[in-house]
Amino acid sequence: MTHAEPTSGLSVIHVSDGFRPTLVEHLVVPGITRTVAATSNFVFASDSASIIDVVALTP
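Numbered by our numbering, the letters in the sequence shown go through residues 7 to 65 in order.
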């Protein structure tokens, strides 16, 4: 699961146990987060600075 806060960046949260979610990664992005997309291995976030940030998800 991902959460994009427009001014704070991107958080990737593991929620397989809904009672104990854990933060996998937090990425501060320049500008304002616009779009988030995910695959089973990566999370992509685009921002207002015209940059695509990539987070690799590893077990």
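For each residue, glycine too, the CB sits at the ideal point set by N, CA and C.
- For the options ASP53, SER56, ASN47, the alpha carbon positioned closest to that of VAL18 is the one of ASN47.
- Around the beta carbon of LEU16, 16 or more other beta carbons sit within 10 angstroms, so the residue counts as buried.
- Classified as buried, ALA51 has 16 or more neighbouring CB atoms from the shown chains inside 10 Å of its CB.
- LEU33 and ASP23 have their C-alpha atoms some 22 angstroms from each other.
- For SER17, the three-state secondary structure derived from DSSP is strand.
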